[in-house]
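Each remark here refers to the structure printed beneath this line.
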Amino acid sequence: MLRLENIHLNYGRIQALRGISLEVLPGKVVSLLGPNGAGKSSTLKVISGLLSPNDGKLVLDGQAIEGRSCSFMVKSGIIHCPEGRRVFPEFTVMENLRIGAYQRPQGSDVEDDLNRIFGYFPRLKERSQQKASTLSGGEQQMLAIGRSLMGKPKLLLLDEPSLGIAPKLVAEIFEILRTINRSGTSMLLVEQNAHMAMKISDYSYVMENGKIGLEGSAAELKNNPKLRELYLGG
Numbered sequence: 001m002l003r004l005e006n007i008h009l010n011y012g013r014i015q016a017l018r019g020i021s022l023e024v025l026p027g028k029v030v031s032l033l034g035p036n037g038a039g040k041s042s043t044l045k046v047i048s049g050l051l052s053p054n055d056g057k058l059v060l061d062g063q064a065i066e067g068r069s070c071s072f073m074v075k076s077g078i079i080h081c082p083e084g085r086r087v088f089p090e091f092t093v094m095e096n097l098r099i100g101a102y103q104r105p106q107g108s109d110v111e112d113d114l115n116r117i118f119g120y121f122p123r124l125k126e127r128s129q130q131k132a133s134t135l136s137g138g139e140q141q142m143l144a145i146g147r148s149l150m151g152k153p154k155l156l157l158l159d160e161p162s163l164g165i166a167p168k169l170v171a172e173i174f175e176i177l178r179t180i181n182r183s184g185t186s187m188l189l190v191e192q193n194a195h196m197a198m199k200i201s202d203y204s205y206v207m208e209n210g211k212i213g214l215e216g217s218a219a220e221l222k223n224n225p226k227l228r229e230l231y232l233g234g
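Terminal number for the sequence shown in the UniProt record's numbering: 234, no gaps in between.
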């Protein structure tokens with residue numbers, strides 16, 4: 001489905017990504033783990049078209065797409081749910097969700113998808129006419145994910161969905177993400193909560209200083225001494 005081959009990205013003289021290669025297969029959840037500053041969010045921004053790589057290839061379903069616009073990526077089925085939620089605070093929940101479908105043709109089963117999202121997140125239905133600014137942090141994260149799903153992603157990019165959210169809601173959101181994946185949506189998940197991410201991931205990559213340091217299934221990685229030392233507290 002999606003393949004990154006030797007992606008390099010510079011911010012001026014700073015090398016943010018140093019030869020990143022990874023793959024997301026259809027229907028799978030892949031997690032990208034590592035500490036702050038490792039290059040995880042930059043990787044997602046390259047995939048979604050927010051940043052253009054200095055070198056390397058980005059291949060979606062056999063087509064090279066590196067350097068293409070955000071609009072092209074969205075139309076190709078790559079939807080980015082950003083770190084920090086980035087909901088529109090003065091718009092209602094319903095308005096935020098409908099914004100997620102702005103690239104879709106008029107009348108293209110939008111109402112069916114709204115009902116599906118309300119099935120995943122009943123709290124959003126209860127608060128559909130409230131401004132997004134009145135929601136809790138966890139509810140805003142639900143809204144950000146729901147808005148992303150309104151774009152009908154083939155591949156959903158999720159950047160730190162657990163950030164700043166109470167542990168009970170984190171567990172709830174990750175269980176919903178598992179359900180969404182089972183419905184056929186592939187995911188690339190950036191997450192500092194390695195334990196939670198690996199619970200729902202088919203495969204994980206661990207980044208350090210702009211490079212992939214480790215990779216493998218959750219079973220392979222969770223007992224890896226380097227991973228435990230660097231990211232799971234020893």
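Glycine included, every Cβ here is placed at the ideal spot set by N, Cα and C.
Self-check item: Contacting residues, own chain, Cβ-Cβ under 6 Å from ASN10 (five flanking each side not counted)
Solution: ASN54
Quiz item: So what's ARG18 in DSSP terms, helix, strand or just coil?
Solution: strand
Exercise. Indicate whether VAL29 and ASP202 have their beta-carbon atoms separated by less than 9 Å.
Key: yes
Self-check item: Cβ neighbour criterion (16 or more within 10 Å) applied to ALA219
Solution: exposed
Quiz item: Per DSSP, VAL170 is paired with what?
Solution: For VAL170, which the question treats as bridged, DSSP gives no partner whatsoever.
Self-check item: Sheet register partners of TYR203 (DSSP bridge)
Solution: VAL30
Quiz item: For TYR120, which beta-bridge partners are listed by DSSP?
Solution: TYR120 is not bridged to any residue.
Quiz item: Among residues of its own chain, excluding the 5 on either side of ARG85, which ones have a beta-carbon nearer than 8 Å to its beta-carbon?
Solution: GLY137, GLN140, GLN141, LEU143, ALA144
Exercise. Helix, strand or coil for THR185, going by three-state DSSP, please let me know.
Key: coil
Quiz item: If you count every other CB in all the chains shown that lies within 10 Å of the CB of ASN181, and 16 or more means buried, which is it?
Solution: buried
Exercise. With LYS45 as the anchor, note down where its alpha helix (DSSP H) starts and where it stops.
Key: 40-48
Exercise. Kindly give me the distance between the Cβ atoms of MET73 and GLY49, rounded to whole angstroms, as I take these residues to be in contact under 8 Å.
Key: 4 Å
Quiz item: What are the start and end residues of the alpha helix (DSSP H) that includes GLU220?
Solution: 218-221
Quiz item: Under a three-way DSSP split, which group does GLN141 fall into?
Solution: helix
Quiz item: Short check: CB of GLY39 to CB of ARG13, under 9 Å?
Solution: no
Exercise. For the alpha helix (DSSP H) holding LYS154, just list the boundary residues, first then last.
Key: Here LYS154 belongs to no alpha helix (DSSP H), and DSSP marks it neither H nor E.
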